[in-house]
Amino acid sequence: MAFKILTDSTADLPESWALENDVQILGLTIQLDGITYETVGEKKLTSEHLLSKMEAGSQPTTSQINVGQFEDIFRGYAEIGMPVLYIAFASVLSGTYQSAVMARDMVLEDFPEAVIRIIDTKAASMGEGILVMKAVEAKAAGQSLEQVVALIKSLVPKVKTYFLVDDLNHLMRGGRISKTAALMGSLVNIKPVIAVKGDGRLDSVAKVRGKKKAQTEVVRMTLEDIADPRVVIAYAGLDSQEVARTLKDQLLASEQVNEVLILPLGPVISTHTGPGTLGLFSIAHENQD
Numbered sequence: 081m082a083f084k085i086l087t088d089s090t091a092d093l094p095e096s097w098a099l100e101n102d103v104q105i106l107g108l109t110i111q112l113d114g115i116t117y118e119t120v121g122e123k124k125l126t127s128e129h130l131l132s133k134m135e136a137g138s139q140p141t142t143s144q145i146n147v148g149q150f151e152d153i154f155r156g157y158a159e160i161g162m163p164v165l166y167i168a169f170a171s172v173l174s175g176t177y178q179s180a181v182m183a184r185d186m187v188l189e190d191f192p193e194a195v196i197r198i199i200d201t202k203a204a205s206m207g208e209g210i211l212v213m214k215a216v217e218a219k220a221a222g223q224s225l226e227q228v229v230a231l232i233k234s235l236v237p238k239v240k241t242y243f244l245v246d247d248l249n250h251l252m253r254g255g256r257i258s259k260t261a262a263l264m265g266s267l268v269n270i271k272p273v274i275a276v277k278g279d280g281r282l283d284s285v286a287k288v289r290g291k292k293k294a295q296t297e298v299v300r301m302t303l304e305d306i307a308d309p310r311v312v313i314a315y316a317g318l319d320s321q322e323v324a325r326t327l328k329d330q331l332l333a334s335e336q337v338n339e340v341l342i343l344p345l346g347p348v349i350s351t352h353t354g355p356g357t358l359g360l361f362s363i364a365h366e367n368q369d
C-alpha cells in the first residue's frame with residue numbers, strides 16, 4: 081500500500097530532493113528582527129540571509145510547528161485514506177514532535193482507521209535527514225510502511241552527529257547547552273566538539289586546541305564504528321563550505337566511506353548554531369550513548 085513520508089525543515093534536506101522523492105517538508109518558523117519567516121517554499125528565509133543578519137548582531141528565534149498545522153495536514157491525508165509516516169525533529173530540542181502526537185490523536189478520534197506513524201529521530205539537521213533518506217530508499221525498494229517504520233526506529237540510536245560551532249553562545253541562548261559548556265568554548269583556541277547524544281541532547285564530547293585539530297578529530301570520531309559508507313557534511317557560511325570540501329577529501333581517503341554529501345545547514349538549525357558551523361552525520365554499528 082502507498083504511504084506518504086513527511087518530515088520538517090530541521091532535517092535540512094533540499095526541497096528539490098524532497099519533491100523528486102515525494103517527501104513533504106513541514107516548516108518551522110523563524111522570528112528575525114520583528115518579522116516571522118517561513119522555512120519552506122518560495123518565500124522562505126535563506127540561510128545566507130539569516131547568517132548575514134546574525135553576523136550583524138541579530139538574534140533570531142524559532143517556533144515549532146503547532147498542533148493546528150499538524151491536524152490540518154494529518155486530517156487531509158486521513159480523508160483520502162493515505163497512510164502517513166512523519167519523521168520528526170528530536171523531541172528534547174523542540175515541541176514539534178509532541179505537537180504532532182497531539183494532532184494525530186485528535187485526527188484518530190474522527191478517523192479511527194487512519195494510519196499516522198510518528199518517529200522521534202532524537203536527531204537534528206542531517207542526522208534527521210539521513211533517516212529520511214533511508215526511509216525513502218526503503219520505500220522505493222518496495223518495503224511496506226511498517227517495515228520502513230521498523231527500519232528507521234532501529235537506526236535512530238545509531239545516528240552519529242558531531243558539530244563544530246564557532247560561537248557556543250548561540251546554543252546557550254536557545255537553551256541547547258549550559259553556560260558552563262559555552263564558557264569552555266570561549267576559552268582561547270579551545271574548540272569543543274558537540275555531539276547529539278542518544279536521547280537527542282547536545283553535549284560537549286571533546287575539547288581540542290585549534291580549529292584544524294578539531295576538524296581532524298571530528299573526522300576520526302565519525303569514522304570510528306561507521307556502518308554506512310555515506311557521510312553527510314552540513315555547513316553554515318562560505319568559510320565552512322571550504323572546510324567541508326577538505327573534510328570530504330579526508331573521509332573519502334578512508335576505505336570505510338564511498339559517498340560524502342555536502343549540504344548547507346538550514347536556517348532553523350543555523351539560528352541555534354550560528355555562522356561558521358560544521359556538522360558531520362553518519363550511521364554507526366553500535367547504539368550511541
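Take the working numbering: the final residue in the sequence shown is number 369, and no numbers are missing along the way.
All residues carry an ideal CB built from backbone N, CA and C; glycine is no exception.
Among the bridge pairs identified by DSSP, aspartate 88 is matched with Leu106. Secondary-structure assignment with DSSP links glutamate 297 through no beta bridge to anything.
Beyond the five residues adjoining it in sequence on each side, lysine 328 comes within less than 7 Å, by CB distance, of Ile313, Val340 and Ile342 in the same chain, given in chain order. Taking C-beta atoms as the reference points, valine 228 and lysine 219 count as a pair closer than 8 Å. Rounded to the nearest angstrom, the gap between the Cα atoms of glutamine 295 and arginine 325 is 12 Å.
Under the 10 Å beta carbon count, serine 320 is surrounded by 16 or more other beta carbons and is classified as buried.
Sixteen is the threshold: since fewer than 16 other Cβ atoms of the shown chains lie within 10 Å of the Cβ of threonine 141, the residue is exposed. Nearest C-alpha to serine 224 among Gly137, Pro163 and Asp305: Pro163. Glycine 222 is not a Cβ neighbour of glutamine 368, given a cutoff of 8 Å. As DSSP reads the structure, glutamine 178 sits in no beta bridge. Contact between the stretch 281-292 and the stretch 182-191 is absent: fewer than three C-beta pairs spanning the two stretches fall below 8 Å. It is roughly 15 Å from the alpha-carbon of threonine 176 to the alpha-carbon of arginine 197. Boundaries cannot be given for arginine 281, as no beta strand (DSSP E) includes it and DSSP labels it neither H nor E. Taking C-beta separations shorter than 6 Å and ignoring five residues to either side along the sequence, the partners of aspartate 113 in its chain run Ser138, following chain order.
With respect to the C-alpha of histidine 365, the residue from Gln149, Glu100, Val245 and Lys240 having the closest C-alpha is Lys240.
Classified as buried, methionine 134 has 16 or more neighbouring CB atoms from the shown chains inside 10 Å of its CB. In the DSSP annotation of this structure, lysine 233 is not part of any beta strand (DSSP E); the continuous alpha helix (DSSP H) holding it starts and ends at 225-235.
Under the DSSP definition of a beta bridge, valine 164 partners with Lys84 and Ile196. In the same chain as serine 205, and ignoring 5 residues on each side of it, the C-beta atoms closer than 8 Å to its own belong to Thr90, Ala91, Asp92, Thr241, Ala314, Leu345, Gly346, Ile349, Gly359 and Phe361, in chain order.
Cβ neighbours of alanine 158 within its own chain (closer than 7 Å, five residues either side excluded): Val187, Phe191 and Ala194.
Within the DSSP secondary-structure output, glutamate 339 pairs in a beta bridge with Arg310.
Classified as buried, glycine 280 has 16 or more neighbouring CB atoms from the shown chains inside 10 Å of its CB. Apart from sequence neighbours up to five positions away, the residues of its chain that approach isoleucine 210 with a beta-carbon distance below 7 Å are Val239, Val312, Phe361 and Ile363, ordered along the chain. Ranked by Cα distance from glutamate 217, the options Glu322, Pro355, Ala98 and Gly356 are led by Ala98.
The C-beta distance from alanine 170 to alanine 203 rounds to 6 Å, short enough to meet the 8 Å contact threshold. Cα atoms of phenylalanine 154 and isoleucine 145: separation of roughly 13 Å, rounded to the nearest angstrom.
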